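Under the numbering used here, residue 853 is the last one in the sequence shown; the count climbs by one each step, no gaps.
Beta carbons are placed, not taken as given, at the ideal position from N, Cα and C, and that holds for glycine.
What you are looking at is a predicted structure, and each value in this text was computed from that prediction instead of being measured.
One structure is given below, encoded as structure tokens.
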Amino acid sequence: MRLKLMAVAGAILLSANTSWAANSIQDVQWLQGCWQAAGAEAGSEEHWLAPAGGSILGMGRTVRKSKTVAWEFMRIQENADSLVFTALPSGKPEASFQLLSLDKQRVVFENPRPEFPQRVIYQLNADGSLLGRIEGKMKDQEKGIDFLMQKISCNK
Numbered sequence: 698m699r700l701k702l703m704a705v706a707g708a709i710l711l712s713a714n715t716s717w718a719a720n721s722i723q724d725v726q727w728l729q730g731c732w733q734a735a736g737a738e739a740g741s742e743e744h745w746l747a748p749a750g751g752s753i754l755g756m757g758r759t760v761r762k763s764k765t766v767a768w769e770f771m772r773i774q775e776n777a778d779s780l781v782f783t784a785l786p787s788g789k790p791e792a793s794f795q796l797l798s799l800d801k802q803r804v805v806f807e808n809p810r811p812e813f814p815q816r817v818i819y820q821l822n823a824d825g826s827l828l829g830r831i832e833g834k835m836k837d838q839e840k841g842i843d844f845l846m847q848k849i850s851c852n853k
């Protein structure tokens with residue numbers, strides 16, 4: 698009986714291990730391209746390079762009244778068997794977020810730090826738009842900010 702239980706437990710572990718595939722930067726290649734912030738002033742965009750070398754690099758800019766008011770450099774990088782999102786927003790210290798979940802067209806990164814945001818989410822919607830979202834706690838209140846973007850030509 699004991700041998701039978703060990704065999705069943707081993708089979709369960711083996712099947713679980715084979716279903717756990719390491720995440721690859723190719724799993725988020727759908728971010729690649731140029732994205733215009735919906736309803737925002739021209740120049741408010743996010744650009745993501747093609748995956749290469751185990752990373753995908755991005756940059757974003759927010760323009761208001763013809764002035765750049767915010768910018769950000771971003772990197773999603775393979776790390777062991779997972780992905781890490783790192784942001785350098787408007788010259789502030791960089792922050793890294795570990796992969797929390799990854800579906801075919803949705804990725805969630807998390808960092809349990811006390812500063813907002815604690816989660817960064819990207820989702821490719823069925824209509825081809827891209828939803829960027831930051832969320833977490835701010836002053837003990839859950840908060841979320843959405844950034845809806847439409848794909849644009851990178852050759853403007």
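* Asked: Which word fits residue 844, buried or exposed, when buried means at least 16 other C-beta atoms lie within 10 angstroms of its C-beta?
  -> Translated into the one-based positions of the sequence shown, residue 844 becomes position 147. Sixteen is the threshold: when 16 or more other Cβ atoms of the shown chains lie within 10 Å of the Cβ of residue 844, as they do, the residue is buried.
* To do: State the DSSP-derived secondary structure class of residue 778, mapped to helix, strand or coil.
  => As a first step, residue 778 must be located in the sequence shown, where it is residue number 81. Coil at residue 778, not helix or strand.
* To do: Out of 777, 753, 720 and 731, point me to the one whose CA is closest to residue 850's CA.
  => Locating residue 850 in the sequence shown gives position 153, counting from the first residue. That would be 731, whose Cα lies nearest to the Cα of residue 850.
* Helix, strand or coil for residue 815 per DSSP? -> Within the sequence shown, residue 815 is the residue found at index 118, counting from 1. Looking at residue 815 - three-state DSSP - the assignment turns out to be coil, as it is neither helix nor strand.
* Asked: Thinking just about the alpha-carbon of each residue, which of 847, 739 and 776 is nearest to the one in residue 753?
  -> For the purposes of this step, residue 753 is identified with residue 56 of the sequence shown, where counting begins at 1. Looking at the Cα atoms, 776 is the closest of the given residues.
* On the three-state DSSP scale, how would you describe residue 728? -> Position 31 of the sequence shown, counted from the start, is the residue given in the question as residue 728. Residue 728 falls in the helix class under three-state DSSP.
* Asked: For residue 723, does the three-state DSSP call read helix, strand or coil?
  -> Within the sequence shown, numbered from 1, the residue matching residue 723 stands at position 26. Looking at residue 723 - three-state DSSP - the assignment turns out to be helix.
* Three or more beta-carbon pairs under 8 Å between the region 809-816 and the region 783-790, yes or no? -> Taking 8 Å as the limit for Cβ pairs, the verdict is that the region 783-790 does not touch the region 809-816.
* Under 6 Å Cβ to Cβ from residue 803, same chain only, skipping five residues before and after it: list those, please. => Locating residue 803 in the sequence shown gives position 106, where the first residue counts as 1. A distance below 6 Å between beta-carbons, with the five flanking residues on each side excluded, links residue 803 to the following residues of its chain, in chain order: 820.
* Backbone secondary structure at residue 746 - three-state DSSP -> Counting from 1 along the sequence shown, the entry for residue 746 is found at position 49. In the structure shown, residue 746 sits in coil (DSSP, three-state: anything other than H, G, I, E or B).
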